[in-house]
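Heads up, the thing below is written out as structure tokens.
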Amino acid sequence: MKARAYFGVEGLDRIISQGVSYGSQIMVDGDTGVGKTVLAGEFIKEGLRCGDVCIYVACDEPPAVMRYHLGTFRVGTRAYEEAGRLIFVDAYEEEASVEKFHIADQHNLDKYFTLEKELLKRFAGQRIRLIVDSLSTLFTPFEPAEILEFHRSRLKYLRKNGILTLDIFVDGVLGDRVMMVASHFYNVILKMKFGSSATRPVRILQVGKVRSGKFSSTPYMFGISPTFGILVATELEV
Amino acid sequence: MDENVSVVHKILNYLYLTLSKTIPAIPFSGQYWLEEVTRGVGACVMDEYGKELELSSRRPADICRAYLDILDREGFLEASAYRLEEEGENVLVNLTRSRCIYLDFCRGAEKEELFFYCPRLGAFQACLQRVLGSEYSREVTINAEADMCRGRVSPTRRLKTEIVTREGDLLKIAGERAILLPKETYASIFVALKEYAPHIIKTILFDAGYLSALTVAAQAKTFYNTPLEALEALFEEVKNCGLARVELVSLEPGAGRAVIRCYNSFQVATVKKYGWFYRTPRVVCDLLRGMFSAYLTVLLERKILCEEMRCEALEGDYCEFHALPDESGAQAAGSEPLV
Chain D
1299 MKARAYFGVE GLDRIISQGV SYGSQIMVDG DTGVGKTVLA GEFIKEGLRC
1349 GDVCIYVACD EPPAVMRYHL GTFRVGTRAY EEAGRLIFVD AYEEEASVEK
1399 FHIADQHNLD KYFTLEKELL KRFAGQRIRL IVDSLSTLFT PFEPAEILEF
1449 HRSRLKYLRK NGILTLDIFV DGVLGDRVMM VASHFYNVIL KMKFGSSATR
1499 PVRILQVGKV RSGKFSSTPY MFGISPTFGI LVATELEV
Chain B
4 MDENVSVVHK ILNYLYLTLS KTIPAIPFSG QYWLEEVTRG VGACVMDEYG
54 KELELSSRRP ADICRAYLDI LDREGFLEAS AYRLEEEGEN VLVNLTRSRC
104 IYLDFCRGAE KEELFFYCPR LGAFQACLQR VLGSEYSREV TINAEADMCR
154 GRVSPTRRLK TEIVTREGDL LKIAGERAIL LPKETYASIF VALKEYAPHI
204 IKTILFDAGY LSALTVAAQA KTFYNTPLEA LEALFEEVKN CGLARVELVS
254 LEPGAGRAVI RCYNSFQVAT VKKYGWFYRT PRVVCDLLRG MFSAYLTVLL
304 ERKILCEEMR CEALEGDYCE FHALPDESGA QAAGSEPLV
């Protein structure tokens, strides 16, 4: 049977009960501070335990932040890094980076794509999870047409090569039209939002796919536990 | 030596050899029980004949000599066969092997690769403890080619004991009450967790292994001089408890690194018998991972994290763990301070 992949988040994995195939692309679109990077951490943890190679491209913070985050969940990142199973790509510090893999110039999508492809080729034949956190940051300086052109060819390449991809987008960074068109290229879309509540903000998660130009899916409440990570209340539809 | 004494010697050797053969079949090791038996015999001799001990001084070597003299007078051995020397507070014991009354036991244990504990040195330990009031440990080196045996009896802070013990009705591990569970119980707990709180499974196994291993690791640290010795003793206990057979592939204490292999992990066996508890195949030995992380953290006195890089549940015939210092600076939520 062909391998299926999961997020490593119990409630979320129950929602996508069949999992996703390697070669799928997942878009995570969410508010600032809602827990997108936490979700990325869960996705990496799950991949490492399942024997995947995980490549994390850190655009919004240095890779040390994700190392620290994984450390709080007792993941010994060094062992995986030394074994070539966990790769951090620093797209944050640019020239100042001390990481083995870094992107010196964030303002060149072609260079980025070349590096991404080179890196992926090194692990050809293995199951790979690629996480870009956040892709919207990389896209910021570019025109919509450039973004969509790059995006289409990149995702086509990733799909063809069986790369399980998790692209993170910070809500509001890119225009609505770009987001709408870009979202069509993904197999699965996860929306993570803050919802309104009379007493305090609540986190809401929706999993689905854009169909007929519209995204509609059941919203679920979720929380973030410092011990257990993301907890999705599948019994509590909003 | 008269014929009756020879028979007594033979029977004694049979007795010790039988004990040695029995020990590997006893759950929870039992290797130190043999030490206690030999010391116990010495203590009984002291109870019976101690008043006849003619001490020329209270120096350890003289005390041991006086003990041998008692046995010589009783016709049990020839004290002149033993050459005792002083080395500081230690007593060095030299003996031509062919003159040792425990030769059959010694050779038999060597031939069958059984656990051996020299009854003579055990008796010296008991005698010194009785006269001086302090504990002694021993080590023995055999030079088969030269037909010589060389033992050393040295003062020790405390005697090594079994990590798993029984006290009255209670089974204890490192002094804490323990229970013996069949694999079925573990599996049923796991099934219940999966049903009622699936989100905690991945976290609690590591934590349970880690926290439960801290006490036993601390005890091993006090018993052994080096992290390597302590780690080997702890791995022996992991085997004795039926969790897995553990092999230390490499240890670099200074760098805080280790590679550990496990054969017959009970967690792998559980998955093989009851199926995957997870949605996808993965490494499953989180409890052992937590235990090894705790052992190394305590013994190397720095925060160490183990990762299972290969699991028998997925491929091959062993699991492999890589341990490295955790330099992320992260403190796991809800955990005890690690060092």
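Just so you know, the protein sequences line up as chains D and B, in that order.
Under our numbering, the first residue of the first sequence carries the number 1299, and numbering increases by one thereafter.
Under our numbering, the first residue of the second sequence carries the number 4, and numbering increases by one thereafter.
Using N, Cα and C, we set each Cβ at its ideal position, and we do this for glycine too.
Do L1428 of chain D and T1375 of chain D have their CB atoms nearer than 8 Å?
no
Does the region 1455-1472 of chain D come within contact of the region 1435-1442 of chain D, defined as at least 3 CB pairs closer than 8 Å?
yes
Going by the beta-carbon positions, is the gap between C265 of chain B and L291 of chain B smaller than 8 Å?
yes
Between E1538 of chain D and I1528 of chain D, what straight-line distance do the alpha-carbon atoms span, to the nearest angstrom?
As displayed, chain D neither begins before 1299 nor continues past 1536, which places residue 1538 of chain D out of reach and without an answer.
What residue range does the beta strand (DSSP E) around H325 of chain B cover?
C322 to P328
Please work out which residues of its chain come closer than 7 Å, Cβ to Cβ, to F295 of chain B, disregarding the five sequence neighbours upstream and downstream, and give them in chain order.
Cβ neighbours of F295 of chain B beyond the five flanking positions: I263, C309, F324 and A326.
Which partner residues does E170 of chain B have in the DSSP bridge list?
B:L173
From the beta carbon of A1381 of chain D, is the nearest beta carbon of chain B less than 8 Å away?
yes
Taking the straight line between their C-alpha atoms, what separation do you get for G1521 of chain D and E232 of chain B?
45 Å
Can you list the beta strand (DSSP E) stretches of 3 or more residues lying completely in the region 1355-1438 of chain D, in chain order?
1384-1388 and 1426-1431
Verify whether the separation of the beta carbon atoms of G1317 of chain D and R1302 of chain D is less than 8 Å.
yes
Mind pulling the chain B residues with CB within less than 8 Å of F1526 of chain D?
H202, I203 and T206
When you compare only the Cα positions, how much space is there between G278 of chain B and E318 of chain B?
15 Å
Which one of B:I29, B:N228, B:D320 and B:K54 has the shortest CA to CA distance from V167 of chain B?
Relative to V167 of chain B, the option among B:I29, B:N228, B:D320 and B:K54 whose CA is nearest is B:I29.
So is D1311 of chain D in contact with chain B if we call contact Cβ pairs under 8 Å?
yes
What first and last residue would you give for the beta strand (DSSP E) that runs through G1328 of chain D?
Q1323 to G1328
Can you round the beta-carbon distance between I1461 of chain D and L1418 of chain D to whole angstroms, since I take them to be within the 8 Å contact cut?
So it is a contact: roughly 6 Å between Cβ atoms.
Going along the chain, which residues of the region 267-290 of chain B sit with their C-beta nearer than 8 Å to a C-beta in chain D?
R282, T283, P284, R285 and V286
Quick one: which unbroken beta strand (DSSP E) runs of 3-plus residues sit fully inside the region 90-142 of chain B? Chain order, please.
93-99
Residues of the region 234-249 of chain B in Cβ contact with chain D at a cutoff of 7 Å, in chain order, please.
none
Taking only the alpha-carbon atoms, compute the straight-line gap between L341 of chain B and A211 of chain B and give it to the nearest angstrom.
Legend: pLDDT at L341 of chain B = 38, less than 50; position of this residue unreliable, no value from coordinates given.
Checking the sheet assignment: what are the DSSP bridge partners for Q1504 of chain D?
Within the DSSP secondary-structure output, Q1504 of chain D pairs in a beta bridge with D:K1489 and D:P1517.
Applying the criterion that 16 or more other CB atoms from any shown protein chain within 10 Å of the CB defines a buried residue, is Q1424 of chain D buried or exposed?
exposed
Does any C-beta atom of chain D lie closer than 8 Å to the C-beta of C265 of chain B?
Cβ-Cβ to chain D under 8 Å: no for C265 of chain B.
Is I26 of chain B near L37 of chain B, with beta carbons less than 8 Å apart?
yes
Note down the Cα distance separating F1399 of chain D from G1349 of chain D, rounded to an integer number of angstroms.
In a straight line, the C-alpha of F1399 of chain D is about 21 Å away from that of G1349 of chain D.
Who are the Cβ neighbours of V1500 of chain D in its own chain at under 6 Å, not counting the five residues just before and after it?
G1493 and M1519
Hey, would you say K186 of chain B sits closer than 8 Å to F269 of chain B, going by beta carbons?
Yes.
Quick check on A1394 of chain D: buried or exposed, where buried means 16 or more other Cβ atoms within 10 Å of its Cβ?
exposed
Should the region 93-102 of chain B be regarded as contacting the region 147-160 of chain B, the criterion being three or more beta carbon pairs within less than 8 Å?
Short answer: they touch.
If you check the beta carbons only, do V1355 of chain D and V1396 of chain D fall under 8 Å apart?
no
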